Every structure is written in structure tokens, then in C-alpha cells.
Amino acid sequence: MMKKTLVILLLLVSMFGCKNPMEQPYVTSTGDTLDRAFLITDSRVGMVIKGMSVNRLRKVYGENNVKQLLQPEEQRDTINNRQIYFVYDNDRKLLFTALASDINGNEQLIEQIRIRDNRFRTVDNIGADSNIAEIIAANNDASVVMSEDDISLFVPDIDGYFKIDKQDVKGFNPRFISDIPLDSLNAEAYPQTLTINWFAQESNMLSAKFWRELLRQILTWTIVELPALVIMIIVFACLLKLLRFIINRLKQFTINKTLRDGEENAGETLKRIETIMGIVHGVCRILLWVIFLLIFLAKININIGPILASAGIVGLAVGFGAQELVRDFISGFFILLEDQLRTGDMAIINGQTGVVEKIELRTITLRDGSGVVHIFQNGKINSLSNMTKEWSAIVIEMGVAYKEDVDRVMAIMQKVGDELYADAEFGQHMLQTIEINGLDQFLDSSIIIKATLKTRPMKQWIIKREYQRRLKIAFDKENVEIPYPHISIYTGEDTKPFPIDMKNNKE
Numbered sequence: 045m046m047k048k049t050l051v052i053l054l055l056l057v058s059m060f061g062c063k064n065p066m067e068q069p070y071v072t073s074t075g076d077t078l079d080r081a082f083l084i085t086d087s088r089v090g091m092v093i094k095g096m097s098v099n100r101l102r103k104v105y106g107e108n109n110v111k112q113l114l115q116p117e118e119q120r121d122t123i124n125n126r127q128i129y130f131v132y133d134n135d136r137k138l139l140f141t142a143l144a145s146d147i148n149g150n151e152q153l154i155e156q157i158r159i160r161d162n163r164f165r166t167v168d169n170i171g172a173d174s175n176i177a178e179i180i181a182a183n184n185d186a187s188v189v190m191s192e193d194d195i196s197l198f199v200p201d202i203d204g205y206f207k208i209d210k211q212d213v214k215g216f217n218p219r220f221i222s223d224i225p226l227d228s229l230n231a232e233a234y235p236q237t238l239t240i241n242w243f244a245q246e247s248n249m250l251s252a253k254f255w256r257e258l259l260r261q262i263l264t265w266t267i268v269e270l271p272a273l274v275i276m277i278i279v280f281a282c283l284l285k286l287l288r289f290i291i292n293r294l295k296q297f298t299i300n301k302t303l304r305d306g307e308e309n310a311g312e313t314l315k316r317i318e319t320i321m322g323i324v325h326g327v328c329r330i331l332l333w334v335i336f337l338l339i340f341l342a343k344i345n346i347n348i349g350p351i352l353a354s355a356g357i358v359g360l361a362v363g364f365g366a367q368e369l370v371r372d373f374i375s376g377f378f379i380l381l382e383d384q385l386r387t388g389d390m391a392i393i394n395g396q397t398g399v400v401e402k403i404e405l406r407t408i409t410l411r412d413g414s415g416v417v418h419i420f421q422n423g424k425i426n427s428l429s430n431m432t433k434e435w436s437a438i439v440i441e442m443g444v445a446y447k448e449d450v451d452r453v454m455a456i457m458q459k460v461g462d463e464l465y466a467d468a469e470f471g472q473h474m475l476q477t478i479e480i481n482g483l484d485q486f487l488d489s490s491i492i493i494k495a496t497l498k499t500r501p502m503k504q505w506i507i508k509r510e511y512q513r514r515l516k517i518a519f520d521k522e523n524v525e526i527p528y529p530h531i532s533i534y535t536g537e538d539t540k541p542f543p544i545d546m547k548n549n550k551e
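Take any residue in the sequence shown, count from 1 to its spot, add 44: that is its number in the numbering used here.
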């Protein structure tokens, strides 16, 4: 118990005590310490990871720190349903604006980020407040691009665009100039804005950049998301083990208390405990699996809201389409609630006799004397007879010859029953001595004396066999005739009949 508790505590400390890698400092190429929360790369801006959804953005920065710009209807981009979001820190300072697009009607994904806070820096310590000379010096592959009469300094390492004022370009004429050299820019000038455009990239699977990007995403997911998923799976496995441990200890505690209190029907109580604890364990396992799956789906950025909504609709459809299934569950619930049957009982269900091996909310499993397993749907059980509920009994119908003294025979049967009840081995299985009911029937060649033996559950057949063995010995000793088939033959009116022994073929 102590080891399992320590393991769970260590896992909880690992989950909640470790720092988020996004918040740990990062050392730049120049040796400066840069907080990862303000790092700019081609795959992240601060705590925003490439491909992040707006819902995830709200979780990372806080619901109250992400504000949506409500645009007039005529200004909205109706093609891709683009929306603009303003992201603030906890001091209400604007960090950046994010442009998100609704991709194929699914969740909105962040497409562009426009930096507003100068604390955001690249690994080369370049930010929105760096001049053109600093940007070019840190990025040898920077180039000038032109789109819709705008001029930007493009830095491929971060997929970033530094917007350049046209006045800072020497000899700019968009009608004649298509390729602007770097040395035509005013090196001392400062760009107007820094925009990260994550969807302005090559998507060709044959390109080296595509595979580099794919590998980068895999490594990022492995470093950032995978450890949390592994810890969650480990915690879930420990919870399943803990559940089994708690159920077993609770069951053992209840059993020990029952035996210690010396209840009269301890065996019946033990059966009930086994049945109920099995049901509780199964229900708790289902609840744990449902919670784990919901958390897991949310962790891999799958919106569980529609899943929960559809689950309600599916449940309603199942309620109408699977009425038989619902009937089985309701019948099983009442079988358990009313304690009609327990695991280990000998029962007759729909005419089939056997030992109850398993009771579930939908089915009952019965195994007969030949080892054949029978499974019954709870909703289709028309007749249920429990042969071992609280106590059992067996009826003895003893046939003796007409010539025997009935009172004498009943006295012998009572004596054998009393001796059996006093026996140390067999008496412990009997609730009382034999009860002689009296002369019950007149048959063709015998009279039937009926008696009842009341025993503990499942012990009636053992007691019956032992009682009949002892009774046969007592009848032989007292010369009590147990009849067998015989007939009398008449040869004429004046001739006396003589019997023929049908058993030994003797006259």
C-alpha cells in the first residue's frame, strides 16, 4: 500500500510541480538569456505553437486575456471566415494580434501573428524594434518581397515579414521594379511591423522544407505534449490498480466483519457481497475509462463538446432503438436491488438448472451439471427459482410394503435422522433434525411416507445421499421390506393365488 501511495504522489508532483518547458529560459546564439515565453521561431511565437487552435490559445493565455475583434458584417472575410484576436498579458499589455481562419468548417486555426510587444525576440536577438541593418546582419538569407504594393523584408528562418516604409526604399517604383536588392533599403530605418505567416510555406511533399517542418512538428510534440500524455496514462493505470485494491480491501473487510459478527446466514451475506462488489467494480471501471478518454481527447486538441452533445443524441436514439437492451438493464437492476439471486446460487431459470457463475446488469450466466454454460438476458427471464436462498431443503419420499407397521417405519426414519443431525461431520450442514410429514400416498405395491430435511444452502444433496444410505442399512437391520414389483396369479375359483417374484423369477 505504501509503495503504491508513493508512486501516485511522485506522479502528481511530476504533473503539477514541473515547470512548463515553454516557460523555461532559452540561451540565444549571442549568449543572452531569453524567456521562452517571448521566443520567435518558424514554429512558435511565445507560447503559441504552429497550428494551434483559438480554443487552445484561450487556454494558454487565459480566457480573459484573448479578445476577439468584432468586425462589421461588410468588412468580414466570408470566404475563409477569418477573425482577428487581441492577446494580452496579465498586466493588460497587448502582446500580439492573431488572425485565425476556419479551415473546412472545423475549429479555427491561427494563420498569422502580428507582434506588438518588443520583448518577443528571435534566437539572434532580433525583434520588432530592430532596424533593417540588424535584421540583415543576423539573417543572411533575408530578402525583399513585394505584394499588393506593400514591401516587406522576408526572413525565412522565422517565416517573418518586416513591413518596410516605401520611403525607406531608394528609387522605388512598383510599376517598373520587381526585384528590390537589399542594399537599396535604408539600413538605419526601422520596419513598421513584424508579421509571422505560418501558412505561407511550401506544402509540396517532395520538398526538403516540408520534411524538415514535419520532423520539427514531431519533435515539438514529442518534447512538449508526449510526456504529459505518458504521465496521464501512467496515472490512469495506477488508478485502475488502486480501484481494484480498494474494492478487494473493502470486500475483505466486509467479509471479515460478517464472519466476526457470526451472522446466522453468513454464507448468504458473502454471496451478496461478492455480487455487489463485482458490479461496483465494473461501474467504476467504466466511469474511469470515460473520464480518461475525454481528458485524452481534449489533450490532443479534439473538441469534446460536440462529442458530448452527440452522445446525448445517440443515447436518445439507443433508448428508442434498443428497447430490449434497456429492458435487460432495468431487469438486472431490480434483480440486484431485490436480492433475488447471487453468485454461487443454485437456480432454475426458464426451466434450466445450474449454478450462477456471473450476474451482470444485462445478463446472467448459469453453468449446469454437465459443465454447459447458459447465458440469459435479464429482460427475457420469465421464471426464476432460487434453490439456495437463505436455506435449502430436500424431500424424502420413502416407499415401504403394505404389510409394514407405519408407526414403526416412521420411528426408524426419525431415529436415523436424529443420528445424522447429531453427527459432527454432517450435522453442521443441517439446520434441524428430520421432519416426518407422515403417510402421504397409497401406490399399487407400496405406501409412501414423506419426510423433509432442512439444510444450509447447497448442502441438501449431500445430506440426502447420506440419509438414504443410513436408512437402507437401518431397514435391512430391522427387516423392513422395501417393495419391488410383483403380481399374483389365480388358476381357478378354488385355487389360492400364489405370488411370483418378478425380481428373482421365483414362485
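Cβ atoms here follow ideal geometry from the backbone N, Cα and C, with glycine treated the same way. None of the values given here were measured: they were computed from a predicted structure.
Cβ-Cβ separation, isoleucine 492 to glycine 443 (assumed contact under 8 Å), whole Å: 5 Å
Under the three-state DSSP convention, the category leucine 214 falls into: Note that residue 214 corresponds to lysine in the displayed sequence, not to leucine. Correct three-state label for lysine 214: coil.
How is valine 417 classed by DSSP in three states: helix, strand or coil? strand
Quick one: measure Cβ to Cβ for aspartate 133 and asparagine 162, integer angstroms, because I've assumed they're closer than 8 Å. About 13 Å; that fails the 8 Å criterion.
Just mark tryptophan 333 as buried or exposed, buried being the case when its beta carbon has 16 or more other beta carbons within 10 Å. exposed
I'd like to know whether the C-beta atoms of leucine 229 and isoleucine 170 end up nearer to each other than 7 Å. no
Counting only runs of 3+ residues fully inside the stretch 477 to 535, write out the beta strand (DSSP E) ranges in chain order. 479 to 486, 491 to 499 and 530 to 533
Under 7 Å between C-beta atoms of glutamine 152 and alanine 144: yes
Could you name the residues of the same chain whose beta carbon sits closer than 6 Å to that of arginine 102, not counting the 5 residues immediately before and after it, in chain order? Val110
Quick one: any contact between the stretch 398 to 405 and the stretch 447 to 462, if contact means 3 or more CB pairs under 8 Å? no
If you draw a straight line from the alpha carbon of isoleucine 478 to that of cysteine 328, how long is it in whole angstroms? Straight-line Cα distance between these residues: approximately 47 Å.
Below 6 Å CB to CB, which residues in the same chain sit around lysine 503 once its five sequence neighbours on both sides are set aside? His473
Assign proline 501 to buried or exposed, taking buried as 16 or more other Cβ atoms, counted over all protein chains shown, within 10 Å of its Cβ. buried
Can you tell me which of the three DSSP states leucine 153 falls into? strand
Tell me which same chain residues have a C-beta within less than 6 Å of the C-beta of valine 104, skipping the five on either side of it? Met91
Could you work out which residue in Gly395, Ile93, Gly423 and Asp462 is closest to isoleucine 240 when comparing CA atoms only? Ile93
Take every Cβ of the stretch 463 to 473, pair it with every Cβ of the stretch 421 to 434, and state whether three or more of those distances are shorter than 8 Å. No: the two stretches stay apart, fewer than three of their Cβ pairs being nearer than 8 Å.
When you compare each of Ile344, Lys433 and Val274 to methionine 96 by their alpha carbons, which one comes out closest? If we check each option's Cα against that of methionine 96, Ile344 comes out closest.
In three-state DSSP terms, what is tyrosine 446? The answer is coil: DSSP assigns tyrosine 446 none of H, G, I, E or B.
Which class does arginine 564 belong to by DSSP, given the choice of helix, strand or coil? What is shown of the chain runs 45 to 551, which leaves residue 564 out entirely.
Could you give the DSSP three-state label for lysine 111: helix, strand or coil? DSSP places lysine 111 in strand when its eight states are reduced to three.
Could you check the C-alpha separation between leucine 56 and proline 235 for me, to the nearest Å? Note on leucine 56: pLDDT 46, under 50, position unreliable in the model; no value is reported.
Report yes or no: do three or more beta-carbon pairs, one from the stretch 270 to 290 and one from the stretch 193 to 208, lie closer than 8 Å? Touching, no.
Where are the alpha helix (DSSP H) runs, 4 residues long or more, that stay fully inside the stretch 152 to 203, in chain order? Fully enclosed alpha helix (DSSP H) runs of 4 or longer: 176 to 182.
Pick from Ile290, Leu314 and Arg288 that is closest to asparagine 300, judged by C-alpha positions: Leu314
Can you name the residues that DSSP bridges to valine 399? Met390 and Arg411
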